[in-house]
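Down below is the structure, laid out as structure tokens.
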Amino acid sequence: MSFAATVLTLYPEMFPGPLGISLSGRALEKGLWSLEARNIRDSATDRHRSVDDTPSGGGPGMVLRADVLARAIDAASPAGDDRPRLLMSPRGRPLTQALVRELAGGPGVVIVCGRFEGVDQRVIDGRGLTEISIGDYVLSGGEIPAMVLIDAVVRLIPGVMGKESSGTEESFSEPLLEYPHYTRPAEWEGRAIPDILVSGDHGRIAKWRREQALKLTRERRPDLLRGPDRD
Ligand code: SAH
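Residue numbers (my numbering): 8 to 238.
Listed below in structure tokens is the structure:
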């Protein structure tokens, strides 16, 4: 069974978008994963098909209604669906490569994309949504965050990446940033490729890359070296 992503959004036309291109797009065509974007508005019941209302207690903006969203979730993910239900949210658990790996090993995801000021707390509680954040900044909707999550997960699905090794050597598969890459031409604007990379000595190359990765990590992200708790 392939990885199944269902996205609940007010803008289903945003999908597959960038996910339909290159690595993830080819994998989608091959059936290595599937994507369904469902319009939350289809679950509205009133004449105006309204999905949001003003915040209780006052304040700016609008809030996605619990009843409408719950109906959308129930239709997309009926009882027995064992995929995790996620809500993209700036106050959520940070998306890390560890979490990406965990999700890639599962049956898929059901992702709710917020809009406006966010969603009614009761649907988060009532439908057991896990909030996931892609970083400490605020976007205007959950669609781009959902694409970020799906892109990161899909490339780890077996068969999606050309070389299996490219998933295990890169940044964060260990708590290290990746070493620098080079390719031809051998010299460009007076800058040469480091000799060692053209030496053909694979042992020394591996050692050099590891040293470079450590150096970069120490300089840029010392927090990654500090312990097992990397989430
Ligand atoms: N008022 C909210 C922000 C709402 S932004 C607050 O202050 O927390 C509108 C929607 O965009 C959110 O419901 C969420 O789905 C999405 N979103 C914005 N920033 C995000 C982030 N960093 N990570 C994940 N989702 C985000």
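Glycine included, C-beta positions come from ideal geometry on N, C-alpha and C.
Model, not experiment: these values are computed from the prediction.
Helix, strand or coil at residue i according to DSSP, with G and I counted as helix
| i | result |
| --- | --- |
| R191 | coil |
| A199 | strand |
| E181 | strand |
| D53 | coil |
Counterpart residues of residue i in DSSP-defined beta bridges
| i | result |
| --- | --- |
| V117 | T13 and R92 |
| R122 | G148 |
| P101 | S140 |
| S41 | A11 |
| L71 | D59 and V126 |
Any non-hydrogen atom of the ligand SAH closer than 6 Å to residue i Cβ
| i | result |
| --- | --- |
| G148 | yes |
| S63 | no |
| E138 | no |
| P91 | no |
| S96 | yes |
| I141 | yes |
| P152 | yes |
| G27 | no |
| E145 | A small correction: the amino acid at residue 145 is Val; Glu does not occupy that position in the sequence shown. Under cutoff, so the answer is yes. |
| G24 | no |
| G125 | yes |
Residue i CB to nearest heavy atom of the ligand HEM below 6 Å
| i | result |
| --- | --- |
| G121 | Judged by which ligands are present, the ligand HEM is missing from the structure shown, whose ligands are the ligand SAH. |
Beta carbon proximity, residue i to chain D, threshold 7 Å
| i | result |
| --- | --- |
| T103 | Looking for chain D here will not work: only one protein chain is present. |
Task: Sufficient close CB pairs (3 or more, under 8 Å) joining the stretch 47-54 to the stretch 68-81 - done: yes
Task: Segment contact, 8 Å Cβ cut-off, at least three pairs: the stretch 181-192 with the stretch 136-156 - done: no
Open item on the list: With three or more C-beta pairs closer than 8 Å as the rule, is the stretch 83-90 touching the stretch 53-70?
Closed with: no
- [ ] Tell me, please, whether the stretch 28-43 touches the stretch 132-143 by the rule of three or more beta-carbon pairs shorter than 8 Å.
- [x] no
Open item on the list: With three or more beta-carbon pairs closer than 8 Å as the criterion, would you say the stretch 16-33 touches the stretch 88-99?
Closed with: no
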